[in-house]
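Trainee: The structure follows.
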């Protein structure tokens, strides 16, 4: 049954722009906030994906001084700074450079694009010679270092193979399917919006309905609304449910979200029908992510404390749903549009 719409608080308008979308005033939904790669994955996310804290720290720290550059053959990395980072092998930079870098210069510099570039700096008492290395050469030299730091570099490159595989799966689960269904949901909300609304009223309706759908979806799947998840992440964090779920639960979330959006679309905009379907076939245990005491505090948290929208949503007096306050959620912060 399609939810009726309570429009008593809406002033109708004869404007020809009544049922326009808000796409012209909002940014395109490209899932930018959902996309994470091995080049920018955080330590916290790596730990969440099952890596030891030491492994996660190794990835993040090594990435800082051996970054992946657009052109890995262009000399950009200071050789002496690299030497310090890899534990100062041979004790003296000149000795290390003479043993490792200088024998490479003749071979590499014969190519058109040299990967090693000599630098000269005037210092007290003479001129100091240094080198700029390409990222490829820097990585090659770092892995040869017979120091604890050198062994850590070798571990880093072995570890990055696993990270790349896990991040590919994570990115697919977290972004591709969710972005597509977000777009379908917004199009459906737009199509089912009541007629006779002004541009601003239409925008507010779409935004509030999307927030309500996603918040109730989180509740149907986990027992807690989207606002609860963000509130439980802490005042300085405010991560939404999509940011907190692990890989397996994120797969479940994506599958359930597809079902919810499909039912919502098939019923012409019934949030109740969509949530009943999700509740019957899918479930995620919030205890995997929150301490029991935190969950107790989530239960007594006041719903809707952050949202001051008072416009139209699905008419609550004809459904089993008895909450009239629209809650907010990170993943629905943007205005919906097709």
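In this note's numbering, the protein residues as written are 586 to 923. Glycine included, each C-beta is placed from N, C-alpha and C at the ideal position.
#1: Let me make sure I understand the geometry here. Which of 646, 836 and 712 has the alpha-carbon closest to that of residue 762?
#2: Measure the C-alpha to C-alpha separation of residue 844 and residue 718 and round it to an integer number of angstroms.
#3: Mapping the DSSP letters down to three states, classify residue 812 as helix, strand or coil.
#4: Would you check if the stretch 785-797 and the stretch 858-872 touch, i.e. whether three or more CB-CB distances between them fall below 8 Å?
#5: Can you tell me whether residue 816 is buried or exposed, with buried defined as 16 or more other CB within 10 angstroms of its CB?
#6: So, helix, strand or coil for residue 735, using DSSP?
#7: Could you check where the alpha helix (DSSP H) with residue 719 kicks off and where it finishes?
#8: Going straight from the alpha carbon of residue 752 to that of residue 839, what length do you get?
#9: Classify residue 856 as buried or exposed, calling it buried when 16 or more other Cβ atoms lie within 10 Å of its own Cβ.
#10: According to DSSP, is residue 778 part of a helix, a strand, or is it coil?
#11: So, at 7 Å on beta carbons, what are the nonlocal neighbours of residue 623 in its own chain, with the 5 sequence-adjacent residues on each side left out?
#12: Name the one or two DSSP bridge partners that residue 708 has.
#13: Quick one: what does DSSP say residue 856 is sitting in, helix, strand or coil?
#14: For residue 810, which residues in the same chain have their Cβ closer than 6 Å to its Cβ, ignoring the five residues on either side in sequence?
#15: Whose CA, out of 669, 701, 861 and 688, lies closest to the CA of residue 657?
#16: Taking DSSP as the reference, what is the three-state secondary structure of residue 869?
#17: Are the beta-carbon atoms belonging to residue 674 and residue 681 less than 8 Å from one another?
Mentor: Checking against the coordinates, here is how it stands:
#1: 836
#2: 52 Å
#3: helix
#4: no
#5: buried
#6: helix
#7: From DSSP, residue 719 is part of no alpha helix (DSSP H); its letter is neither H nor E.
#8: 16 Å
#9: buried
#10: coil
#11: 745, 748, 749 and 752
#12: 711
#13: helix
#14: 800, 803, 804 and 912
#15: 701
#16: coil
#17: yes
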